[in-house]
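Asker:
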């Protein structure tokens, strides 16, 4: 998970730090083992009864836990008076995770336990100006909150995943041709102003690997890579459980790996990096266009005068079209070489394939696995995402939960100092 260091007093052993540690520990115990009486919190936490009572009163005042009689729970009744039980109030503060892609916007509303309370989608304005996309994001977020019949004031963080390299200090994005007008604009501030809520802007693939670690194929694996294959190819990766973003937030721009030379002409001219030009969606379309221009025997045809999509090529190959099968072989050969390079450098336990193209490669995983087994001394497992198109939004939710929890302990710890 992305590690969050709350601001404030960090001196070892200081009262402020000890208060934060006690708050976090008691809340963690109640959250994982509750409903439970105070006496059980004392035993489970190893903290003195007076300190537990002080912390519990603080958490009750903040509405982060509730205390009620044990009627209606599944816990076995104890002899004697009915105990009052403490329980985590996950819905006291909520987060929204947003995935902004060139074709659609997806928003997920979650409580602090990670329970998804609602989702909303809408098309990304085609070729829209920056203000149109910002309005579309705002409406999607407002829709998901309204549909869940939740008061907006409960939303404490909105995390937005976007293509491109995110500068966290300025809240700007670069290398984002998929979204018109987003390049270099102060998107974090614009989105925060539009939503009247704190907005955290993150690189989409960095969020995707968090989503996979939390709810997907990389669950429990602290060294993992998520490779998103769309028009571009990008990667988010974990090193010892932490997302590595690099010096400038540009770690994982694997589309620029110089692993391929024989690029299709149209892909090379599209302004893409060598690897994504040869292994992304554009490669399927470019190879198909060249095959059609040569007069190769194939069922592939452009749709409405446009390009042949990667989905069409994969479907035709599945149906026995030899030209399409040859295109798939060529593109996946390039993909395998790039994945081998990634595996050799990072040594992940798993590589998860996602994105519009990556999600469709399940039938080819055994072949890709064979290529990596033969190419590198410590090959990772290759899987296709099981989260479909929600890995980024789920990662944004998890990032939001971590951020809100850090804020809780910082604010309460400071207020009780």
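In our numbering, the protein residues as written are 623 to 1039. Yeah, the Cβ is synthetic: ideal placement off N, Cα and C, and Gly gets one too. Note that the coordinates shown come from a computational prediction; the quantities given were computed from them, not determined experimentally.
Please work out which residues of its chain come closer than 8 Å, Cβ to Cβ, to residue 726, disregarding the five sequence neighbours upstream and downstream, and give them in chain order.
Answerer: 743, 744, 745 and 746
Asker: Between the Cα of residue 898 and those of 942, 910, 881 and 793, spot the shortest distance and give me the residue it belongs to.
Answerer: 881
Asker: Along the chain, where does the alpha helix (DSSP H) that runs through residue 990 open and close?
Answerer: Per DSSP, the continuous alpha helix (DSSP H) segment holding residue 990 begins and ends at 987-997.
Asker: Can the beta-carbon of residue 1014 be found less than 8 Å from the beta-carbon of residue 810?
Answerer: no
Asker: With a threshold of 8 Å, are at least 3 pairs of Cβ atoms found where one atom belongs to the segment 910-921 and the other to the segment 821-841?
Answerer: no
Asker: To which residues of the same chain is residue 709 closer than 6 Å at the C-beta, ignoring the five residues directly before and after it?
Answerer: 656, 657 and 688
Asker: Short check: CB of residue 783 to CB of residue 721, under 8 Å?
Answerer: Their beta carbons are under 8 Å apart, which means residue 783 touches residue 721 by this criterion.
Asker: With respect to the beta strand (DSSP E) encompassing residue 796, which residues constitute its N-terminal and C-terminal limits?
Answerer: 794-796
Asker: Go ahead and pull the three-state DSSP assignment for residue 673.
Answerer: helix
Asker: Which residues share a DSSP beta bridge with residue 848?
Answerer: 858 and 974
Asker: Going straight from the alpha carbon of residue 694 to that of residue 713, what length do you get?
Answerer: Reliability of the predicted coordinates at residue 694 is poor, the pLDDT of 46 falling under 50, and no value is obtained from them.
Asker: Residue 745 lies in the beta strand (DSSP E); which residues open and close that run?
Answerer: 738-745
Asker: Look up residue 708 in the DSSP assignment and say whether it is helix, strand or coil.
Answerer: strand
Asker: Let's test the definition: count the other Cβ atoms within 10 Å of the Cβ of residue 791 and tell me whether it reaches 16, buried, or not, exposed.
Answerer: exposed
Asker: Should residue 869 be labelled buried (16 or more other beta-carbon atoms within 10 Å of its own) or exposed?
Answerer: exposed
Asker: To the nearest angstrom, how far is it from the Cα of residue 900 to the Cα of residue 849?
Answerer: 15 Å
Asker: Taking only the alpha-carbon atoms, compute the straight-line gap between residue 776 and residue 858 and give it to the nearest angstrom.
Answerer: Cα to Cα, the separation comes out at about 30 Å.
Asker: Quick one: give me the first and last residue of the beta strand (DSSP E) that residue 729 is part of.
Answerer: 726-732
Asker: Is there contact between the segment 1002-1010 and the segment 982-992, where contact requires at least three CB pairs shorter than 8 Å?
Answerer: yes
Asker: Determine whether the beta carbon atoms of residue 680 and residue 964 lie at a separation below 8 Å.
Answerer: Their beta carbons are not under 8 Å apart, which means residue 680 does not touch residue 964 by this criterion.
Asker: Give the straight-line distance between the Cα atoms of residue 754 and residue 946, rounded to the nearest whole angstrom.
Answerer: 38 Å
Asker: Using CA atoms only, rank isn't needed, just tell me which of 756, 841 and 652 is closest to residue 1016.
Answerer: 841
Asker: Starting from the C-beta of residue 724, find all residues in its chain whose C-beta is less than 7 Å away, skip the five residues before and the five after it, and write them out in chain order.
Answerer: 746, 800 and 801
Asker: Quick one: grab the DSSP three-state call for residue 1025.
Answerer: helix
Asker: Restricting to Cα atoms, I'd like to know which of 954, 942 and 895 is closest to residue 909.
Answerer: Minimum Cα distance to residue 909 is reached at 954.
Asker: Measure the C-alpha to C-alpha separation of residue 779 and residue 820 and round it to an integer number of angstroms.
Answerer: When rounded, the distance between both Cα atoms is 5 Å.
Asker: Can you tell me whether residue 779 is helix, strand or coil according to DSSP?
Answerer: strand
Asker: Would you tell me roughly how many angstroms separate the C-alpha atoms of residue 837 and residue 1009, rounded to the nearest one?
Answerer: Each residue's alpha carbon lies about 8 Å from the other.
Asker: Between the Cα of residue 1019 and the Cα atoms of 749, 672 and 828, which residue gives the shortest distance?
Answerer: 828
Asker: Quick check on this structure: which residue in 959, 677 and 939 has the alpha carbon closest to the alpha carbon of residue 642?
Answerer: 677
Asker: For residue 794, count neighbouring C-beta atoms within 10 Å of its own C-beta (all shown protein chains included) and say buried if the count is 16 or more, exposed if not.
Answerer: buried
Asker: Compute the Euclidean distance between the alpha carbons of residue 960 and residue 997, then round it to the nearest angstrom.
Answerer: For residue 960 and residue 997, the distance between alpha carbons rounds to 11 Å.
Asker: Taking the beta carbon of residue 672 as the centre, do at least 16 other beta carbons fall within 10 Å, making it buried, or is it exposed?
Answerer: exposed
Asker: Is the CB-CB distance between residue 639 and residue 667 below 8 Å?
Answerer: no
Asker: Taking the continuous alpha helix (DSSP H) assigned at residue 722, which residues delimit it?
Answerer: No alpha helix (DSSP H) holds residue 722; the beta strand (DSSP E) holding it covers 716-722.
Asker: Would you grab the beta carbon distance between residue 846 and residue 1023 for me? Rounded to a whole angstrom, and I think it's under 8 Å.
Answerer: Contact annotation, residue 846 with residue 1023: C-beta distance approximately 19 Å; criterion of less than 8 Å not satisfied.
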